[in-house]
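Enquirer: Okay, here's the structure, questions in a sec.
Protein chains: 2
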Amino acid sequence: METYTYANSRKLFERAMKVIPAGVYGHLGPVEGSMVPPSAFPFFSSHAEGAHLWDVDGNRFIDYMCAYGPNILGYRDEDIDHAAREQAKLSDCVTLPSATMVEFAEQLVDTVDSADWAFFAKNGGDVTSFALMIARAATGRTKAVFVNKGYHGVAAWTKLPGNPGIAEADISNNLYVDWNNYQQLEELVSRHPGQIACFMASPYFQGNFVDNELPEAEYWSKVRALCTKHGIVLVIDDVRCGFRLDLAGSDHYYGFKADLICFCKALANGYNVSALCGIDALKSAASSVFYTGSYWFSAVPFAAGIATLKKLKEIDAPKRLYEIGKKLTEGLVDVARTHSFNLNISGELPMWYMRITDDESQIIHQEWIAACVQRGVFFTNHHNHFINAALTDEDILYTLNVADDAFKAVRKLHPQFV
Amino acid sequence: METYTYANSRKLFERAMKVIPAGVYGHLGPVEGSMVPPSAFPFFSSHAEGAHLWDVDGNRFIDYMCAYGPNILGYRDEDIDHAAREQAKLSDCVTLPSATMVEFAEQLVDTVDSADWAFFAKNGGDVTSFALMIARAATGRTKAVFVNKGYHGVAAWTKLPGNPGIAEADISNNLYVDWNNYQQLEELVSRHPGQIACFMASPYFQGNFVDNELPEAEYWSKVRALCTKHGIVLVIDDVRCGFRLDLAGSDHYYGFKADLICFCKALANGYNVSALCGIDALKSAASSVFYTGSYWFSAVPFAAGIATLKKLKEIDAPKRLYEIGKKLTEGLVDVARTHSFNLNISGELPMWYMRITDDESQIIHQEWIAACVQRGVFFTNHHNHFINAALTDEDILYTLNVADDAFKAVRKLHPQFV
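Quick note, the sequences are listed as chains A and B, same order. At position 78 of the first sequence (counting the first as 1) the number is 78 in the numbering used here, and the numbers step up by one without a gap. At position 287 of the second sequence (counting the first as 1) the number is 287 in the numbering used here, and the numbers step up by one without a gap.
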């Protein structure tokens, strides 16, 4: 197979470096570990459709990052875009909110098992921060427990000591436990009686550079019981998993009920909106916190969100994403095996994490990912991937062919290995 | 004149109260003081165009709140919406950013006098929080100085002690000075040598319930010199004023240069994007802070922002907004005088604040505002207003007629007053 080159991406990146700090920032940029080596990756897209994106050099990719989550139905899904365009003919960001806000809240309350109400913002971090504030307002307590290496956004309170830009005080009320370690959590709670406002965690552990970890049997039911017993608000950060595992919420998927649940990303197929859902007992605390933003009442994202929820139900999206994920990952593991590599799949299939286990340095893994990208399959190295419903059997077949050719190329570099 | 009724707004609000905390939250809701008495105001819009919005009861309003700022060219401006629709045919929120991000950054750097670079996010609060982090990262200091009763968003660090949901630690590094009080700032700096990372303020003081206050002569030049002398990062929060006073930045308007300048609201005529601009000396500190969000690379708001900057320049928007603001406020003051009321105008004209000074309780003011709203002119009580470029002479004439009739109605209630 021919491999892609990225002359236009590189030229545009040089322009970007002049006027944007780091050129492309965050995990979408070449600076962070997910695009290693940078030479293998394009940096800028020109257009996108369905499961595919095209870069500024005209190369087509099957995109398994899905904008890091927002693309759940396929880029530029006509049903969603149509709903957005129709709303845009009426209004978007206006002094008064529109009926779409109420309808979207009603839809979410109907759909999400633990939700008695919904509140809308723009970032996942807006709603994780709001959840923390509500928990503090409701309990009169200040401490909060998080999972080590969990990700809840970029606000100062989400960061680790020594991270640039934060003060010690910003995280002085944070406590941490290891994922899946109920014992630790129980001990922490007894060491801080009446002081812990909330426990916030993702439904399962999606670390970077490591295999993802599902909750152990009864982990969540024990955590739920502990929180209830001690008046601790249980916050599920469903920003990344939301609507991919279960339309009723990932807490529902794992058989428990959150007190607050945070959504973003897949909520409106890429239109800019996030949501916090919660139980009735926390509604008045939520009302007591002054919390708003310039664009939080924009009607177009609400219309897109209503259309997205409708279509996700119609096609039973989580079931479909599991099926696609199963077919794809089983295929990839098989292809790896034919080249004598062991590819380990972890996490839930609609957002699988993968790692070649034959090389602890993960360099062979990075070489294989790079070879796939340069052949038109957009994977990333050390972050979970995302499945979207527009992926076809043809896309999967194409992916497996690329994976095969990429393994061949890596094997050529390391004939002696394994 | 007939007065409006709001049966559908009220029905929709009842539905909202069931599924949304506070029904309509933030300053757009009837709970906060800006919609007093709530009975005078509609709560939900059905559509909007140019300078007008229509509520869900079919009432038309000339909207002087402009979505609290975003509407600068007129709702659904065809030039901006066309650019957005064309971009939407290509891509919006994708795994890789598009060339629009680079172009928009280049445009901002060309337009904003103090900007060597630009960084994009979604909320005004995203960029004020980022500015604080950059100042801390660059200086290695933790304290920050703000103006008493200034507004920089809804993050915990922006709030006052005792506000629901925050911990003492969240604001333990904050210091406060009164607006326009250079002496206080100088004293504070000498009391905390080498400890202050930044001074953050709006270009002028836009308090609620009080007349707005412009900077005193030489206030900003003295502040600028003090910050430079002590290595304190000078952050201008231009979220509210940005592009209404001066396309080159409100710091440029007042004759000084900020180190960091925060934009949102009018930046893309309502499309969801905010921006932090800064000087070269802070670019590497900005790169060192991991800062990103789910939708921060969406291409449609960038395309809208590019088109908005272009049109703002073409029509020389600030000049036009000043002219409209002058004609309108002079007219309102005259109308008030014919009814023996004194209407005081404060702040800059494109975002004037007004207050009837004859009654310290401000009840007559609230009654007059209510009477205007019920006659189709959307004012608010205790917050500055916003001018947009779509306002016509006919709109202003209509507004003055409504203001006149509203004063008549208030005079009838208080024949003895003044």
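From the three backbone atoms N, C-alpha and C, an ideal C-beta is built for every residue, glycine too. Predicted model, so just to flag it, every value in this text is computed and none were measured.
Quick check on this structure: which residue in A:VAL36, A:ASN342, A:MET35, A:ASP57 has the alpha carbon closest to the alpha carbon of SER45 of chain A?
Expert: The residue labelled residue 45 of chain A in the question sits at position 45 within the first sequence. Ranking the options by Cα distance to SER45 of chain A, first place goes to A:ASP57.
Enquirer: What residues of chain B sit near ASN180 of chain A, judged by a beta carbon separation below 8 Å?
Expert: Residue 180 of chain A sits at position 180 when you count from the first residue of the first sequence. The premise fails here: ASN180 of chain A is roughly 26 Å from chain B at the closest Cβ pair, so nothing lies under 8 Å.
Enquirer: Looking at the C-beta of TRP117 of chain A, does it have a partner C-beta in chain B at a distance below 7 Å?
Expert: Sequence index remark: in the first sequence, residue 117 of chain A carries index 117 (1-based). Yes - at least one Cβ of chain B is within 7 Å of the one on TRP117 of chain A.
Enquirer: List the endpoints of the continuous alpha helix (DSSP H) containing TRP368 of chain A.
Expert: On the first sequence, residue 368 of chain A is found 368 positions in, with the first residue counted as 1. Unbroken alpha helix (DSSP H) run through TRP368 of chain A: 363–373.
Enquirer: Could you run through the region 183–200 of chain A and flag, in chain order, every residue whose CB is less than 8 Å away from some CB of chain B?
Expert: Correct list: empty, as no residue qualifies.
Enquirer: Of all the options B:GLY124, B:GLN87, B:PHE120, which has the alpha carbon lying nearest to the alpha carbon of ASP238 of chain B?
Expert: For the purposes of this step, residue 238 of chain B is taken as residue 238 along the second sequence, with counting starting at 1. Among B:GLY124, B:GLN87, B:PHE120, the Cα nearest to that of ASP238 of chain B is on B:GLY124.
Enquirer: Just checking: is the beta-carbon of TYR151 of chain A within a distance shorter than 7 Å of some beta-carbon in chain B?
Expert: As a first step, residue 151 of chain A is located in the first sequence; it is residue number 151 there, counting from the start. No, its Cβ sits nowhere closer than 7 Å to a Cβ of chain B.
Enquirer: For SER287 of chain B, return the contacting residues in chain A, with the cut-off set at a CB-CB distance below 7 Å.
Expert: Taking the first residue of the second sequence as 1, we reach residue 287 of chain B at position 287. Here the neighbours are PRO21, ALA22.
Enquirer: If we ignore side chains and look at the alpha-carbon of each, how far apart do VAL377 of chain A and SER221 of chain A end up?
Expert: As a working note, residue 377 of chain A is residue 377 in the first sequence. As a working note, residue 221 of chain A is residue 221 in the first sequence. The alpha-carbon atoms of VAL377 of chain A and SER221 of chain A are separated by roughly 39 Å.
Enquirer: Between the Cα of LYS143 of chain B and the Cα atoms of A:ALA169, A:LYS143, A:THR142, A:ARG141, which residue gives the shortest distance?
Expert: Numbered from its first residue, the second sequence carries residue 143 of chain B at position 143. Of A:ALA169, A:LYS143, A:THR142, A:ARG141, the residue nearest in Cα terms is A:ALA169.
Enquirer: Less than 8 Å between the CB atoms is what I'm expecting for PRO164 of chain A and ALA137 of chain B, so what's the real figure, rounded?
Expert: Working through the first sequence from its first residue, we reach residue 164 of chain A at position 164. Working through the second sequence from its first residue, we reach residue 137 of chain B at position 137. That pair is a contact at about 4 Å.
Enquirer: Within the 7 Å Cβ cut-off, does LEU474 of chain B reach chain A?
Expert: Shown here, chain B extends from 1 to 418; a query on residue 474 of chain B therefore has no answer.
Enquirer: Since I believe SER298 of chain A is in contact with ASN71 of chain B (beta carbons under 8 Å), could you give me their beta-carbon distance rounded to a whole number of angstroms?
Expert: Numbered from 1 along the second sequence, position 71 holds the residue referred to as residue 71 of chain B. Numbered from 1 along the first sequence, position 298 holds the residue referred to as residue 298 of chain A. About 12 Å; that fails the 8 Å criterion.
Enquirer: Would PRO37 of chain B pass as an interface residue toward chain A - the criterion being a Cβ-Cβ separation below 7 Å?
Expert: If you number the second sequence from 1, residue 37 of chain B lands on position 37. Chain A contact via Cβ: absent.
Enquirer: List in chain order: all unbroken beta strand (DSSP E) runs of 3+ residues lying wholly within the region 198–248 of chain B.
Expert: Here the runs fully enclosed are 233–237.
Enquirer: At 7 Å on the CB atoms, spell out the chain A contacts of HIS47 of chain B, in chain order.
Expert: Along the second sequence, one-based indexing puts residue 47 of chain B at 47. Result: LEU90, SER91.
Enquirer: Is the CB-CB distance between PRO350 of chain B and LEU321 of chain B below 7 Å?
Expert: In the second sequence, the residue the question calls residue 350 of chain B occupies position 350. In the second sequence, the residue the question calls residue 321 of chain B occupies position 321. For PRO350 of chain B and LEU321 of chain B, yes; Cβs fall inside 7 Å.
Enquirer: Residues of chain A with CB under 8 Å from MET133 of chain B, in chain order?
Expert: Here the question's residue 133 of chain B lines up with position 133 in the second sequence. Going along chain A in sequence order, the residues near MET133 of chain B (Cβ under 8 Å) are ALA156, PRO164, GLY165, ILE166.
Enquirer: Does the beta carbon of VAL223 of chain B come closer than 7 Å to any beta carbon on chain A?
Expert: Position 223 of the second sequence holds residue 223 of chain B. Judged by the 7 Å Cβ criterion, VAL223 of chain B is not in contact with chain A.
Enquirer: Residues of chain B with a CB under 7 Å from the CB of ALA67 of chain A: which are they?
Expert: Along the first sequence, one-based indexing puts residue 67 of chain A at 67. Those within 7 Å of ALA67 of chain A in chain B are CYS93, VAL94, THR95.
Enquirer: Please compile the residues from chain A whose C-beta is within a distance smaller than 8 Å of the C-beta of PRO70 of chain B.
Expert: Locating residue 70 of chain B in the second sequence gives position 70, counting from the first residue. Simply CYS93, SER294, TYR295.
Enquirer: Can you tell me whether SER361 of chain B is buried or exposed, with buried defined as 16 or more other CB within 10 angstroms of its CB?
Expert: Here residue 361 of chain B is taken as the residue at index 361 of the second sequence, counted from 1. With fewer than 16 other Cβ atoms within 10 Å, it is exposed.
Enquirer: Can you give the Cα-Cα distance for GLY270 of chain B and ARG337 of chain A, rounded to whole angstroms?
Expert: As a position in the second sequence, residue 270 of chain B is number 270, starting the count at 1. As a position in the first sequence, residue 337 of chain A is number 337, starting the count at 1. Rounded to the nearest angstrom, the two C-alpha atoms are 52 Å apart.
Enquirer: Can you confirm whether PHE386 of chain A, when its beta carbon is compared against all beta carbons of chain B, has any partner nearer than 7 Å?
Expert: Locating residue 386 of chain A in the first sequence gives position 386, where the first residue counts as 1. Judged by the 7 Å Cβ criterion, PHE386 of chain A is not in contact with chain B.
Enquirer: Within 10 angstroms of its Cβ, does ILE62 of chain B collect 16 or more other Cβ (buried), or is it exposed?
Expert: Within the second sequence, residue 62 of chain B is the residue found at index 62, counting from 1. The residue is buried, with at least 16 neighbouring Cβ atoms inside 10 Å.
Enquirer: Expressed to the nearest angstrom, what Euclidean distance is found between the alpha-carbon atoms of ILE80 of chain A and THR308 of chain A?
Expert: In the first sequence, residue 80 of chain A corresponds to position 80, counting from 1. In the first sequence, residue 308 of chain A corresponds to position 308, counting from 1. Those two C-alpha atoms are separated by around 6 Å.
Enquirer: Give me the subset of the region 255–274 of chain B whose CB atoms are less than 8 Å from a CB atom of chain A, sorted by chain position.
Expert: Cβ contacts with chain A: CYS264, LYS265, GLY270, TYR271, ASN272, SER274.
Enquirer: Along the region 325–350 of chain B, what residues have a CB closer than 7 Å to any CB found in chain A?
Expert: The region 325–350 of chain B vs chain A, Cβ under 7 Å: nothing.
Enquirer: Mind listing the chain A neighbours of ASN173 of chain B? Cutoff is C-beta to C-beta under 7 Å, in chain order.
Expert: Here residue 173 of chain B corresponds to residue number 173 of the second sequence, with the count starting at 1. Correct list: ALA167, ALA169.
Enquirer: Taking the C-alpha atoms as reference points, what is the distance between THR399 of chain A and PHE41 of chain A?
Expert: One-based indexing of the first sequence puts residue 399 of chain A at position 399. One-based indexing of the first sequence puts residue 41 of chain A at position 41. Cα to Cα, the separation comes out at about 17 Å.
Enquirer: So with Cβ pairs under 7 Å, would you call THR111 of chain B a contact of chain A?
Expert: Position 111 of the second sequence, counted from the start, is the residue given in the question as residue 111 of chain B. By this cut-off, THR111 of chain B is not an interface position.
Enquirer: In the DSSP assignment, find the unbroken alpha helix (DSSP H) run with PHE302 of chain A in it and report its ends.
Expert: In the first sequence, counting from the first residue as 1, residue 302 of chain A sits at position 302. Unbroken alpha helix (DSSP H) run through PHE302 of chain A: 299–314.
Enquirer: Can you pull the chain B residues whose beta carbon is under 7 Å from the beta carbon of LEU12 of chain A, in chain order?
Expert: Residue 12 of chain A sits at position 12 when you count from the first residue of the first sequence. By Cβ distance, chain B contributes ALA99, VAL102.
Enquirer: Per DSSP, TYR75 of chain A forms a beta bridge with which residues?
Expert: Position 75 of the first sequence, counted from the first residue, corresponds to residue 75 of chain A. Beta-bridge pairing links TYR75 of chain A to A:GLY50.
Enquirer: Classify CYS66 of chain A as helix, strand or coil using the three-state DSSP reduction.
Expert: Indexing the first sequence from 1 puts residue 66 of chain A at position 66. DSSP places CYS66 of chain A in helix when its eight states are reduced to three.
Enquirer: Select from A:ILE324, A:ALA268, A:CYS277, A:TRP296 the residue whose C-alpha is nearest the C-alpha of HIS82 of chain A.
Expert: As a first step, residue 82 of chain A is located in the first sequence; it is residue number 82 there, counting from the start. The shortest C-alpha separation from HIS82 of chain A is found at A:ALA268.
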